[in-house]
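Before any comments, here is the structure.
Residue numbers (full-length UniProt numbering): 1 to 271.
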């Protein structure tokens, strides 16, 4: 199943179930970015607008924001949100981030929340971003750091999909650089030709009400694709998998909910 299909499936409820960490991380990316009033901003892989709407607030009425996403459904849902909010200085487009169809030097800022891995898959890597940025313009990225609190989940998934996971790891392009530490990300931005590179990592305590909320939220993000592969193995297997998951979740229960540390790297570079 293609990733874009998963994002189409989850688009309507994406970021709407459980703790609103997507919005928090989107707000933080924009807060740390050097986005000025009146700026022209591009949001790559905008999803449901976690960073886009924060950027629209920051640029004011004289600025202009463009959001792009690979998922047609994501674009359609975010367009509805723009209409409902009566926003006149923004547009959203269905576009592949690996081929940015904009004139050179179009944007003061480019932001990309959790999409750098997809960009690094292409031959262009981050060159497309440098091409559409104005001289002196800034690119900002939020990137998942090492997720220690997800290792238990990976272990359970590997128990049910061992061959598939091994095959996918083998199929990965060997020349994709690692990008889950500050050092890795600095190296990528430096080698891509960005100037004034600044990178740091932040940890956030994300709390789910209960196991059911955690499960529902996973079903509204890309993890759903993994769940569906296990569901394809049969109802009995899927029930066993869910039982294992719920048992694993118990170690994160601190009495007032399930606590997970989420590590996010924020990275910035100028053209």
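We treat Cβ as the ideally placed atom computed from N, Cα and C, and that holds for glycine.
query = Out of 47, 48, 36 and 70, which has the shortest C-alpha to C-alpha gap to residue 62?
reply = For the purposes of this step, residue 62 is taken as the residue at position 62 of the chain shown. The candidate whose alpha carbon is nearest that of residue 62 is 36.
message = Closest to residue 180 by C-alpha separation, out of 240, 143 and 139, would be which residue?
response = In the chain shown, the residue the question calls residue 180 occupies position 180. Nearest option by C-alpha distance: 143.
ask   = Is it the case that the Cβ atoms of residue 136 and residue 271 are separated by a distance below 8 Å?
value = Counting from one through the chain shown, the residue named residue 136 turns up at place 136. Counting from one through the chain shown, the residue named residue 271 turns up at place 271. In this structure, residue 271 lies closer than 8 Å to residue 136 by Cβ.
query = Buried or exposed: where does residue 108 fall if 16 or more other Cβ atoms within 10 Å of its Cβ makes it buried?
reply = As a working mapping, residue 108 is identified with position 108 in the chain shown. By the neighbour-count rule (16 or more Cβ atoms within 10 Å), residue 108 is buried.
message = On the DSSP letters alone, give me the boundaries of the beta strand (DSSP E) that residue 98 sits inside.
response = Residue 98 sits at position 98 when you count from the first residue of the chain shown. According to the DSSP assignment, residue 98 belongs to no beta strand (DSSP E), since it is labelled neither H nor E.
task = Taking the CB atoms as reference points, tell me whether residue 104 and residue 67 lie closer together than 8 Å.
result = Sequence index remark: in the chain shown, residue 104 carries index 104 (1-based). Sequence index remark: in the chain shown, residue 67 carries index 67 (1-based). Cβ atoms of residue 104 and residue 67: not closer than 8 Å.
ask   = At which residues does the alpha helix (DSSP H) containing residue 55 begin and terminate?
value = Here residue 55 refers to the residue found at position 55 when the chain shown is read from its first residue. First-last of the alpha helix (DSSP H) with residue 55: 52–59.
task = Take residue 99 as the anchor and find which of 120, 266 and 128 has the nearest alpha-carbon.
result = Locating residue 99 in the chain shown gives position 99, counting from the first residue. When only C-alpha atoms are compared, the closest one is 128.
message = With H, G and I counted as helix, E and B as strand and the rest as coil, what does DSSP make of residue 66?
response = For the purposes of this step, residue 66 is taken as residue 66 along the chain shown, with counting starting at 1. Strand.
key: Straight-line gap, residue 186 to residue 32 (C-alpha atoms, nearest Å)   = Residue mapping note: residue 186 aligns to position 186 of the chain shown, counting from 1. Residue mapping note: residue 32 aligns to position 32 of the chain shown, counting from 1. Taking the straight line from one Cα to the other gives about 16 Å.
Cut-off 8 Å between Cβ atoms - residues of its own chain near residue 251, not counting five sequence neighbours on either side = Position 251 of the chain shown, counting from 1, holds the residue named residue 251. These residues qualify, in order along the chain: 152.
inquiry  = Can you tell me whether residue 120 is buried or exposed? The criterion is at least 16 other CB atoms within 10 Å of its CB, across all chains shown.
reply    = Your numbering for residue 120 matches position 120 in the chain shown. With 16 or more other Cβ atoms within 10 Å, it is buried.
ask   = Relative to the alpha-carbon of residue 269, which residue among 82, 75, 210 and 198 has its alpha-carbon at the smallest distance?
value = Taking the chain shown and counting its residues from 1, the one referred to as residue 269 is at position 269. That would be 198, whose Cα lies nearest to the Cα of residue 269.
query = With respect to the alpha helix (DSSP H) encompassing residue 135, which residues constitute its N-terminal and C-terminal limits?
reply = What you label residue 135 is simply residue 135 of the chain shown in a count that begins at 1. No alpha helix (DSSP H) contains residue 135, which is instead part of the beta strand (DSSP E) from 133–144.
request  = Please determine, among 55, 34, 239 and 260, the residue with the shortest C-alpha to C-alpha distance to residue 148.
outcome  = On the chain shown, residue 148 is found 148 positions in, with the first residue counted as 1. Ranking the options by Cα distance to residue 148, first place goes to 260.
task = Please work out which residues of its chain come closer than 6 Å, Cβ to Cβ, to residue 92, disregarding the five sequence neighbours upstream and downstream, and give them in chain order.
result = Looking up residue 92 in the chain shown gives position 92. These residues qualify, in order along the chain: 67, 75, 78 and 79.
query = Can you tell me whether DSSP reads residue 253 as helix, strand or coil?
reply = To locate residue 253, count along the chain shown from 1; it is residue 253. It is a strand residue.
Runs of beta strand (DSSP E) wholly within the segment 189–255 (minimum 3 residues, chain order) = 195–208
inquiry  = Tell me the DSSP secondary structure of residue 14 in three-state form.
reply    = Here residue 14 corresponds to residue number 14 of the chain shown, with the count starting at 1. In this structure, residue 14 counts as coil in the three-state DSSP scheme.
key: Contact check, residue 19 vs residue 264, beta carbons under 8 Å   = Numbered from its first residue, the chain shown carries residue 19 at position 19. Numbered from its first residue, the chain shown carries residue 264 at position 264. The answer is no: Cβ separation not under 8 Å.
task = Report yes if the CB atom of residue 113 is closer than 8 Å to the CB atom of residue 29, and no otherwise.
result = Counted from its first residue, the chain shown places residue 113 at position 113. Counted from its first residue, the chain shown places residue 29 at position 29. Yes, the pair counts as a contact, with Cβ atoms nearer than the cut-off.
key: 6 Å Cβ shell around residue 203 - same chain, five flanking residues per side excluded   = Reading the chain shown from its first residue, position 203 is the one you call residue 203. Cβ within range, chain order: 261 and 263.
query = Taking buried to mean at least 16 other C-beta atoms within 10 Å of its own C-beta, is residue 196 buried or exposed?
reply = Numbered from 1 along the chain shown, position 196 holds the residue referred to as residue 196. With fewer than 16 Cβ atoms within 10 Å of its Cβ, residue 196 is classed as exposed.
ask   = To which residues of the same chain is residue 256 closer than 8 Å at the C-beta, ignoring the five residues directly before and after it?
value = Along the chain shown, one-based indexing puts residue 256 at 256. Cβ contact annotation for residue 256 (same chain, cutoff 8 Å, sequence separation greater than five): 207, in chain order.
key: Delimiting residues of the beta strand (DSSP E) encompassing residue 84   = Taking the chain shown and counting its residues from 1, the one referred to as residue 84 is at position 84. Counting along the chain, residue 84 falls outside any beta strand (DSSP E), though it belongs to the alpha helix (DSSP H) covering 72–84.
ask   = Per DSSP, what kind of secondary structure is residue 24 in: helix, strand or coil?
value = Taking the chain shown and counting its residues from 1, one reaches residue 24 at position 24. Here residue 24 sits in helix by DSSP.
task = Leaving aside the five residues before and after residue 124 along the sequence, list all residues of the same chain whose C-beta is less than 7 Å from its C-beta, in chain order.
result = Within the chain shown, numbered from 1, the residue matching residue 124 stands at position 124. Correct list, in chain order: 98.
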